[in-house]
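Participant:
Numbering (our numbering), first residue to last: 1187 to 1276.
1) Look at the Cβ atom of residue 1225, then the Cβ atom of residue 1235, and state whether they are nearer than 7 Å.
2) Which two residues bound the contiguous alpha helix (DSSP H) that contains residue 1222?
3) Here's a check: name, in chain order, each residue in its chain whose Cβ is nearer than 6 Å to the Cβ of residue 1205, leaving out the five neighbours to either side.
4) Among residues of its own chain, excluding the 5 on either side of residue 1262, which ones have a beta-carbon nearer than 6 Å to its beta-carbon?
5) With residue 1188 as the anchor, note down where its alpha helix (DSSP H) starts and where it stops.
6) Could you give the first and the last residue of the continuous alpha helix (DSSP H) run that contains residue 1200?
7) According to DSSP, simplified to helix, strand and coil, what is residue 1247?
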C-alpha cells in the first residue's frame, strides 16, 4: 500500500515535533551540563537527518539545503555549549 504523498509531510513534522518534545523532557530531567549538552548534540544531528529526509522526500535535497541545516545545527551546538558553560570566552 502506497502512502498518499500529501500525508507524508504531516507525518514528518509529527516525527520532528515528537523527537524535540522527548529531547526537551530529557533535557529538563537531566541534572548534568555535559549530559544536557549531549542531548542537544544528538537533537541537532537528528534535525539535520530530518531535514535531509524531508527535503529528499520532496525532491528538493541538494548541497545547499544540507549546508543550511548543518549550519543551524552547529550554531545551536555552539550556543548551547556557551550557555551550559562547556566552553568559555572569558
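A virtual CB, placed ideally from N, CA and C, is assigned to each residue, including glycine.
Facilitator: Here's the rundown:
1) no
2) Where residue 1222 is concerned, the enclosing alpha helix (DSSP H) stretches over 1219 to 1243.
3) 1232
4) 1230
5) Run containing residue 1188: none; DSSP gives neither H nor E here.
6) 1194 to 1215
7) coil
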